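Residue numbers (the working numbering): 759 to 1495. For every residue, glycine included, the Cβ atom is placed at its ideal position computed from N, Cα and C. In this text the structure is predicted, and so the values were computed from the model without any measurement.
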Amino acid sequence: MKKIFTLILLSLFIMGSAQNVSPEYVDGQIFLKFRTGTIKNIGLDDPNNLPIEKIGILKELVAKYGITKAYKPFYQADDDIRLTHILQLEFTNATKINDLIADLSSNRIIEYAEKVMLLKTHVTPNDFTIASNTSSVYLNWIGAPNAWNVYNSTSNGTTNITVAIVDNAIQRTHVDLAANIWTNPGEIPANSIDDDQNGYVDDVNGWDPADGDNNTNPTNYAMDHGTHTSGCAAATNNNGIGASSIGWNLKIIPVKCAKNGDSPSSVGYGYQGIIYAAKCKARVISCSWGGTGAPSTSAQSIIDYAWSKGCIIIVSAGNDNNNVLHYPAAYNNVYAVAATGNNNDVKAGFSCYGTWVDISSPGVNIFSTLPNATNNNYGQMSGTSMACPITAGLAGLMLAKYPWMTQTNVLNCISSTAVNITAANNASLTGLLGAGRINAYAAMQCAASYTGTLPVANFYTLTRNTCPNTPIKFIDSSGYNPQTWAWSFPGGTPATSTSSNPTITYASPGSYNVTMTVSNANGSNVKVRNSYITIAGPIALPLVEGFQSSPPFVPTNWTTYNVYNDSLMWKLQTGIGGFTVNAAAKCAMFNDYEEDATGDRDEMRTPRYNFSNVANAKLRFDVAYKQYDVTANITPQNPYSDTLEVRLSTNCGATSTQIYIKGGQTLSTSPGTIQASRFTPAAGEWRTDSMSITSLAAFQPNVMMHFVNRAHYGQAMYVDNINIFYLHQQCPFQIRR
């Protein structure tokens, strides 16, 4: 593969409407990349409709350019801070686009401003077809039957390899597609909840980023492009009806990227679709669309984002019969496909070509699925739009048989085994049609030569220390494509499981080991975590915690609740403590200044205490914080108010009640703001806060406090000297710090 794999990271959004200023770009739209940390004040606003008046650099330009809307087109890529700092602007004075870009680019907080490329499907009219070709002869031409024999040989390939079809619309109910449509295992249908927390609600069978819903079906049957490309990649084989495909029973992730009612050639939200596919961990992404014009830093960044997630991005070269650079085909980290004939290796008359093309594949008169009211329509189309998903289907077939292959392994095999088509074409095309025409059988033979990699077992749970009979969900985080799971939970119910993410309960107090064995075609690997789960009832008061015994952190019998099991969590800070600064001092700290955990609710939980004889109780702790922004209060309108919340539970964390919440100016223990560096409190920059917990905790047998960082990427917060003052029902006494 000719590309150099680098990671930049930014974004792109396109609309398909009639163009008056430039045929290559969307009128009245630009992308605007802010430098990290410069748009904190809009962090909690609706990313689809940002308040322009809060973006200082735009306020003075609203009238001059008619700016009507600002939004974050790729906010869903919330695991990359650079992508979330891209805004898209819509404005009415479209002829002044170059002036607007110049005005914005001159500001030091702007990393770049650029035009938005117009993206369209790469399908051609039927007058390019070759009448003598029969509909599915191309499958024989590329050696598909022998490739299928490899797939279906001993130890048949897996059926859970996903190919995302990022296109205008996909009729996922089509009789030749329905059996191969992917189902999101982490989502519960129709409950209006984002069960798998991927940022998309009820995305059970794909997503429509253009309209923000889970309906990927076309709203009119002229939007047939995505249904056809889906069948090219992975129509259901061996079902006695319709069309066959190179991708034997791959799973299709449908991603609809045209708004309801858009032009049938529009794929306006293609790059948002790539982000969704990457977040779904699609092994292959097929993109039969593109445009021309200046390359976009934003678009390249989206491609890099998907590549960094392990996706192979296969794209069509374009249908303009020239060597003008088309995008995304000419970006790094993609595999660009030109089109040849159905039963010959001559370049299709419409196909683009160039040094940026990686491979060629049949793209003329391809028979595949089409939408209609009865879900059973078929027809022929021609274009690099067809050559692209056929190549994507081959990549998926290779992974279905040999899932341990890397992205580069797959693409190297396709390129190195391609049929040399130089002689079949004009000498002027030498070196401009990629490595040659795909050879499916040879590519599968090449794939077989890659030594399989053993899976690497790994797992975690968010609740390692809990009460008897509390459900504990274990989460598989193994590497290298495990295919089966075998768990052992001595003392648990059930005691064994073959699920990838089982839920277990333990009836009796104690410390429990957990063992996981994962396997694939290359062997097995075992992970044992000794004394991993602690089941215990409440312990006796007092609670007096100054973190002086740490490490380890958190202290003994304390637990953490790390929402994403990442490195963004409460940590031990040394050299600083409540009302003191010295080498021996310690406290708990959450670094919201340098770690963007925006939206996370990571918790540090106390042990569970028995308050059965406690009639009166008060929680007290020391806190230090200095606000990042002078306007940052605990309101949705001023989001950069990191917030400390304390909750109290009397049922082992199953539910809890808020007993304390302060953020921004209310939480701040030092006047003014600090933006240039992380806040480090002096001895006098602490405050002691206290609150009665009597109404919730008195006479309760199981009481636990949760210290929650409600992150907003503002400043570091510190907590120390956590104490409970209490009175027994009969015999009062106090615990002092």
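**Asked** Among N1100, Y1063, S1399, which residue has its Cα nearest to the Cα of Y802?
**Response** Here residue 802 turns out to be Leu, not Tyr, going by the sequence shown. Checking every option, the nearest Cα to that of L802 belongs to S1399.
**Prompt:** Under 8 Å between the Cβ atoms of G1411 and M1462?
**Reply:** yes
**Item:** H983 in three-state terms, based on DSSP
**Value:** helix
**Item:** M1475 - containing beta strand (DSSP E), residue span
**Value:** 1475 to 1486
**Request:** Under the assumption that A1176 contacts I1148 (Cβ atoms under 8 Å), give the Cβ distance between them as a whole number of angstroms.
**Result:** The pair is not a contact, with the Cβ atoms about 13 Å apart (cut-off 8 Å).
**Request:** Count the other CB atoms, across all protein chains shown, that sit within 10 Å of the CB of Q834; report buried if there are 16 or more and exposed otherwise.
**Result:** buried
**Asked** Between which two residues does the alpha helix (DSSP H) harbouring A922 extend?
**Response** Note, A922: premise wrong, no alpha helix (DSSP H); beta strand (DSSP E) at 920 to 925.
**Asked** Looking at the structure shown, is W899 part of a helix, part of a strand, or coil, going by DSSP?
**Response** helix
**Prompt:** When the Cα atoms are used, what is the spatial distance from A1040 to I1011?
**Reply:** 8 Å
**Beta carbon of N1323 nearer than 8 Å to that of Y1218** = yes
**Message:** For A1153, tell me which candidate among G1250, N1460, Y1199 has the shortest Cα-Cα distance.
**Reply:** Y1199
**Request:** For F886, count neighbouring Cβ atoms within 10 angstroms of its own Cβ and tell me buried if that reaches 16, exposed if not.
**Result:** In this prediction, F886 has a pLDDT of 36, which is less than 50 and means its spatial position is unreliable; nothing more can be read from the coordinates.
**Message:** Tell me the DSSP secondary structure of Q1423 in three-state form.
**Reply:** coil
**Prompt:** Mapping DSSP to helix, strand and coil, what is N884?
**Reply:** Per-residue confidence for N884 stands at a pLDDT of 46, beneath the threshold of 50, marking its modelled position as unreliable; no derived number is given.
**Message:** I'd like to check one pair, L1485 with A1373: are the Cβ atoms closer than 8 Å?
**Reply:** yes
**Asked** In the structure shown, what three-state DSSP assignment does I1293 receive?
**Response** strand
**Request:** Examine the Cβ distances between the region 1126 to 1135 and the region 1081 to 1093 and report whether three or more of them are shorter than 8 Å.
**Result:** no
**Message:** Please tell me whether Y829 and P809 are closer than 8 Å, where the distance is taken between their beta carbons.
**Reply:** no
**Message:** Considering only their Cβ atoms, is the gap separating G1099 from A1106 smaller than 8 Å?
**Reply:** yes
**Residue interval of the alpha helix (DSSP H) (run including A1153)** = 1142 to 1159
**Request:** Could you pull the start and end residues of the beta strand (DSSP E) that A1094 belongs to?
**Result:** 1093 to 1098
**Asked** First and last residue of the beta strand (DSSP E) that includes L1406?
**Response** 1401 to 1407
**Prompt:** Mapping DSSP to helix, strand and coil, what is C1345?
**Reply:** strand
**Prompt:** Relative to the C-alpha of G1005, which residue among V921, Q1165, T1452, P1240 is closest?
**Reply:** V921
**Prompt:** So N972 and G984 are in contact, right, with Cβ under 8 Å, and what is the actual spacing, rounded?
**Reply:** The Cβ separation is near 15 Å, so there is no contact.
**Request:** Please classify T1256: is it buried, with 16 or more other beta-carbons within 10 angstroms of its beta-carbon, or exposed?
**Result:** exposed
**Request:** Can you give me the start and stop residues for the beta strand (DSSP E) that Y783 sits inside?
**Result:** 783 to 792
**Message:** Just to confirm the assignment, what range does the alpha helix (DSSP H) spanning I1032 have?
**Reply:** 1028 to 1037
**Request:** Take I900 and list the residues in its own chain whose beta-carbon comes closer than 6 Å to its own, dropping the five residues that flank it on each side.
**Result:** I1196, A1198
**Asked** Just how far apart, CA to CA, sit V962 and N1216?
**Response** 26 Å
**Under 8 Å between C-beta atoms of S1046 and T879** = yes
**Request:** Note down the Cα distance separating A1455 from D1380, rounded to an integer number of angstroms.
**Result:** 21 Å
**Identity of the residue in F849, H1470, Y870, P1022 nearest A821 by Cα** = F849
**Asked** What do you reckon, are the CB atoms on W940 and K1014 nearer than 8 Å?
**Response** no
**Item:** Residue of A1035, V959, N942, G944 minimising C-alpha distance to S950
**Value:** V959
**Prompt:** With 16 as the cutoff for other CB atoms within 10 Å, does Q1138 come out buried or exposed?
**Reply:** buried
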